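In full-length UniProt numbering, the protein residues as written are 1 to 269.
Backbone N, C-alpha and C define an ideal beta-carbon position, used for all residues, glycine too.
Everything numeric in this text was worked out from a predicted model, so none of it was measured.
The structure appears right after this line, and notes come after that.
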């Protein structure tokens with residue numbers, strides 16, 4: 001027992017709390033060298049401190065426990081390097097997302113009070129669309145939507161149909177962090193939906209309408225203005241709002257020139 005350290009002393013030595021050490025024992029990440037059968041008290045060898053410090057450092061970087069276990073139990077240095085390189089990429093992507101989020105906040109603060117939107121009500125014609133519904137977060141929306149629209153246009157072409165208007169994005173449910181989105185394209189000459197897609201009609205009717213010129217990341221500013229306008233004019237939502245993309249981002253080099261029409265079905269409050 002002389003070479004063993006009680007859990008309290010070991011926790012101070014390796015920068016991990018006693019609670020964390022107990023969790024890592026229970027999950028199999030770091031077992032104590034000895035557990036007193038009478039008291040249940042845990043003891044560790046000094047040689048375990050190096051592994052514990054690695055665990056503490058990786059946890060401070062929010063690496064999942066399962067990934068940490070793979071790192072600390074791996075005997076092949078090249079494999080360890082690959083695992084760390086892979087997580088480094090995850091961290092870099094996370095930093096990029098946070099940077100973009102801060103840029104969006106800055107845009108809201110800088111532009112939110114000064115951007116002028118002309119908002120009106122208009123009767124919208126119904127449209128037959130081919131759509132696909134999928135979950136997305138604010139961070140994943142751009143990437144998942146690109147894939148969705150690519151699949152939609154491929155399906156329309158394969159079915160011998162033709163697009164009958166610009167693409168739309170319908171915000172079906174924004175209640176949680178994970179949204180429910182429908183990407184859809186108005187179509188002509190399609191009698192049945194290909195597998196994995198939905199052929200249906202978006203109802204027409206009265207809607208609040210405005211146009212946003214600028215990056216898609218700034219659409220939230222426009223939606224905030226429309227919501228305020230609805231409140232001020234005694235109107236309430238009568239259906240899911242949606243974007244209509246009036247030009248193609250693949251053909252517009254300057255994001256500040258992207259044009260999006262926002263359509264929000266409404267009724268009197």
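Exposure of residue i, with buried meaning 16 or more beta-carbon neighbours within 10 Å
{"i": "residue 183", "result": "buried"}
{"i": "residue 38", "result": "exposed"}
{"i": "residue 147", "result": "exposed"}
{"i": "residue 16", "result": "buried"}
{"i": "residue 123", "result": "exposed"}
{"i": "residue 41", "result": "exposed"}
{"i": "residue 129", "result": "buried"}
{"i": "residue 119", "result": "buried"}
{"i": "residue 44", "result": "buried"}
{"i": "residue 143", "result": "exposed"}
{"i": "residue 168", "result": "buried"}
{"i": "residue 187", "result": "buried"}
{"i": "residue 243", "result": "buried"}
{"i": "residue 32", "result": "buried"}
{"i": "residue 250", "result": "exposed"}
{"i": "residue 89", "result": "exposed"}
{"i": "residue 92", "result": "exposed"}
{"i": "residue 221", "result": "buried"}
{"i": "residue 145", "result": "buried"}
{"i": "residue 21", "result": "buried"}
Proximal residues to residue i (C-beta, below 7 Å), its chain only, five neighbours per side dropped
{"i": "residue 246", "result": "166, 259, 260, 261"}
{"i": "residue 177", "result": "137"}
{"i": "residue 34", "result": "4, 43"}
{"i": "residue 252", "result": "258"}
{"i": "residue 202", "result": "126, 127, 129"}
{"i": "residue 180", "result": "133, 135, 172, 173"}
{"i": "residue 65", "result": "27, 29"}
Residue i in three-state terms, based on DSSP
{"i": "residue 43", "result": "strand"}
{"i": "residue 203", "result": "coil"}
{"i": "residue 255", "result": "helix"}
{"i": "residue 13", "result": "helix"}
{"i": "residue 246", "result": "coil"}
{"i": "residue 25", "result": "helix"}
{"i": "residue 173", "result": "strand"}
{"i": "residue 178", "result": "coil"}
{"i": "residue 217", "result": "helix"}
{"i": "residue 272", "result": "Outside the displayed span of the chain (1 to 269) sits residue 272, for which this structure offers no information."}
{"i": "residue 52", "result": "helix"}
{"i": "residue 235", "result": "strand"}
{"i": "residue 159", "result": "coil"}
{"i": "residue 222", "result": "helix"}
{"i": "residue 154", "result": "helix"}
{"i": "residue 269", "result": "coil"}
{"i": "residue 33", "result": "coil"}
{"i": "residue 227", "result": "helix"}
{"i": "residue 38", "result": "coil"}
{"i": "residue 240", "result": "coil"}
{"i": "residue 188", "result": "strand"}
{"i": "residue 164", "result": "coil"}
Cut-off 8 Å between Cβ atoms - residues of its own chain near residue i, not counting five sequence neighbours on either side
{"i": "residue 51", "result": "30, 72"}
{"i": "residue 236", "result": "230, 266, 267, 268, 269"}
{"i": "residue 226", "result": "117, 119, 208, 210, 241, 262, 264"}
{"i": "residue 219", "result": "212, 243, 260, 262"}
Close beta carbons around residue i, own chain, < 6 Å, minus the five adjacent residues each side
{"i": "residue 215", "result": "255"}
{"i": "residue 131", "result": "182, 184, 198"}
{"i": "residue 10", "result": "44"}
{"i": "residue 213", "result": "259"}
{"i": "residue 139", "result": "97"}
Proximity test, Cβ basis, 8 Å: residue i and chain C
{"i": "residue 194", "result": "Absent here is chain C; the protein component of the structure consists of one chain."}
(Q) Going residue by residue through the stretch 65 to 149, where are the continuous beta strand (DSSP E) segments of at least 3 residues, counting only ones entirely within it? (A) DSSP runs (the beta strand (DSSP E)) wholly in the stretch 65 to 149: 120 to 124, 127 to 136.
(Q) So, does the stretch 93 to 108 touch the stretch 141 to 161, judging by three or more C-beta pairs under 8 Å? (A) No: fewer than three Cβ pairs fall under 8 Å.
(Q) Pairs of beta-carbons, one from the stretch 9 to 23 and one from the stretch 47 to 65, closer than 8 Å: are there three or more? (A) The stretch 9 to 23 makes contact with the stretch 47 to 65: 3 or more CB pairs, one atom from each, lie closer than 8 Å.
Q.
Three or more C-beta pairs under 8 Å: does that hold for the stretch 124 to 131 against the stretch 195 to 211?
A. Short answer: they touch.
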